[in-house]
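Taken in sequence, the protein lines are chains A and B.
Sequence positions in the first sequence follow the numbering used here and run 93 to 242.
Sequence positions in the second sequence follow the numbering used here and run 93 to 242.
Backbone N, C-alpha and C define an ideal beta-carbon position, used for all residues, glycine too.
Remember, predicted model here, so these are calculated numbers, not experimental data.
Down below is the structure, laid out as structure tokens.
Protein chains: 2
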Amino acid sequence: MTDDDTAPTRLTGLPSWLLTQTAAYAGRLVTDGLASVDARGYHFRVLATLDEYGPASQAALGRRSGIHLSDLVAAINELAARGLVERAPDLDDRRRNVVTLTATGRRQLATLDEQLATVQEQLLTPLSAAERTQLTTLLAKLLAYHRMSS
Amino acid sequence: MTDDDTAPTRLTGLPSWLLTQTAAYAGRLVTDGLASVDARGYHFRVLATLDEYGPASQAALGRRSGIHLSDLVAAINELAARGLVERAPDLDDRRRNVVTLTATGRRQLATLDEQLATVQEQLLTPLSAAERTQLTTLLAKLLAYHRMSS
DNA sequence: TAACAATCGTTGGTACCCCCAACGAAAGTC
DNA sequence: GACTTTCGTTGGGGGTACCAACGATTGTTA
């Protein structure tokens with residue numbers, strides 16, 4: 093019956109397959125790591141963006157974090173419920189909300205940073221330091237290209 | 093207002109972020125490419141697995157393609173509805189179904205192969221030939237490691 | 001200034017991939 | 001014969017990503 097459970101070469105040869113598969117493992121590690129501190133990917137992305145660029149409207153936040161506006165609403169709701177973020181109406185432009193990182197949010201961000209550092213180590217374990225920079229360089233190149241033409 | 097729409101360095105520095113983001117682009121290309129010939133990822137994976145290993149039970153198919161048994165049911169339903177696959181009860185083991193690739197299915201697989209080849213080209217455009225093999229080597233290494241310890 | 005266009009936040013829905021729990025039916029094992 | 005395992009199936013959930021539409025507000029411009 094040859095009941096091997098190894099993948100077809102049709103798949104293992106495709107770069108897109110390798111990418112999405114490894115990304116799936118990476119995603120699982122990230123999701124689990126963040127879940128252990130009651131967070132998920134969107135939360136970190138929002139907090140990190142706020143920390144780096146300062147308070148912003150949801151629209152600007154979405155553009156910078158790459159999160160869809162409609163998904164951002166729920167993410168901010170969850171963050172606000174946890175007291176990590178504050179959402180207040182913008183007095184200068186009454187269409188907007190101003191989202192601000194709280195002190196608690198900044199502490200949580202530090203926790204998430206640690207968690208994610210651990211995850212990176214788990215993810216890249218089999219690679220040498222040189223290989224890791226190789227990988228990030230190549231991925232960054234791909235990302236830059238596709239970010240441009242979109 | 094500095095309304096740049098570029099991502100925070102907090103994110104761009106994380107390998108897991110680079111991976112999942114590039115994978116997102118790759119996934120979009122794959123999804124669109126396959127959708128243009130009325131297919132999706134699971135379909136290709138099933139067809140390719142059948143082509144390489146021959147007729148098999150759904151359980152074996154799931155193990156080899158990495159598709160969850162519960163998801164495989166729907167995928168085979170869709171493939172069978174398109175006449176690309178045949179599902180017949182196994183006479184030797186009446187718990188099993190034997191899934192077989194049809195001639196139409198084999199032709200469709202060829203079409204999908206072409207589509208995906210195009211996608212690989214789109215995906216890897218900014219990389220040289222050497223860089224492409226570098227990338228696939230690194231990804232394969234990561235994948236092998238994480239497949240083991242799971 | 002009045003009409004039009006664009007932006008912002010929100011809601012609700014879709015798609016894909018991945019995973020889990022449970023079940024009846026059929027096989028294998030002791 | 002009881003027990004366990006496998007197989008196919010159903011139903012559900014979660015996370016990421018996207019689209020369409022809407023009221024409200026702002027801007028542009030004729």
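Using the beta-carbon count (16 or more within 10 Å), is residue i buried or exposed?
i: Asn-169 (chain A); result: exposed
i: Ala-148 (chain A); result: buried
i: Ser-157 (chain A); result: buried
i: Arg-132 (chain B); result: exposed
i: Asp-95 (chain B); result: The predicted position of Asp-95 (chain B) is uncertain, since its pLDDT is 49 and thus under 50; a value taken from the coordinates is nonetheless stated next. Burial call: exposed.
i: Leu-183 (chain A); result: exposed
i: Ala-221 (chain B); result: exposed
i: Thr-112 (chain B); result: buried
i: Thr-98 (chain B); result: exposed
i: Gly-125 (chain B); result: buried
i: Leu-230 (chain A); result: buried
i: Thr-161 (chain B); result: At residue 161 (chain B) the sequence reads Leu, which differs from the Thr that was named. So Leu-161 (chain B) counts as exposed.
i: Thr-225 (chain A); result: exposed
i: Ala-167 (chain A); result: buried
i: Leu-142 (chain B); result: buried
I'd like to check one pair, residue j with residue i: are the Cβ atoms closer than 7 Å?
i: Leu-201 (chain A); j: Leu-139 (chain A); result: yes
i: Ser-108 (chain A); j: Val-122 (chain B); result: yes
i: Glu-178 (chain A); j: Thr-196 (chain A); result: no
i: Leu-234 (chain B); j: Thr-114 (chain A); result: yes
i: Tyr-117 (chain B); j: His-238 (chain A); result: yes
i: Thr-210 (chain B); j: Leu-110 (chain A); result: no
Nearest to residue i by CA position, among the options, is which residue?
i: Arg-155 (chain B); options: B:Arg-137, B:Ala-172 and B:Leu-171; result: B:Arg-137
i: Ala-236 (chain B); options: A:Asp-143, A:Leu-216 and A:Arg-239; result: A:Leu-216
i: Pro-100 (chain B); options: A:Thr-114, A:Arg-174, A:Thr-203 and A:Ala-152; result: A:Ala-152
i: Leu-171 (chain B); options: B:His-160, B:Thr-194, B:Asp-182 and B:Asp-184; result: B:Thr-194
i: Val-129 (chain A); options: A:Ile-159, A:Thr-229, A:Gln-207 and A:Ala-232; result: A:Gln-207
i: Arg-186 (chain A); options: A:Gln-150, A:Leu-231 and A:Glu-223; result: A:Gln-150
i: Ser-241 (chain B); options: A:Ala-180, A:Ile-159 and A:Gln-214; result: A:Gln-214
i: Ala-173 (chain A); options: A:Pro-181, A:Ile-159, A:His-135 and A:Leu-204; result: A:His-135
i: Thr-203 (chain B); options: B:Val-190, B:Leu-176 and B:Arg-188; result: B:Leu-176
i: Leu-219 (chain B); options: A:Arg-199, A:Ala-232 and A:Ala-180; result: A:Ala-232
i: Val-190 (chain B); options: B:Ala-180, B:Arg-199 and B:Arg-198; result: B:Ala-180
In the DSSP assignment, what residue or residues form a beta bridge with residue i?
i: Arg-179 (chain A); result: A:Val-191
Looking at the ligand NAD, does it come within less than 6 Å of residue i, judged from the CB to the closest heavy atom?
i: Ile-168 (chain B); result: The ligand NAD is not part of this structure, which contains no ligands at all.
(message) Give the list of continuous alpha helix (DSSP H) stretches no shorter than 4 residues that lie fully inside the segment 105-172 of chain A.
(response) You should have 107-127, 133-145 and 150-157.
(request) Ignoring anything shorter than 3 residues or poking outside the segment 199-232 of chain A, list the beta strand (DSSP E) runs there in chain order. (result) At a cut-off of 3 residues, not a single continuous stretch assigned as beta strand (DSSP E) sits fully inside the segment 199-232 of chain A.
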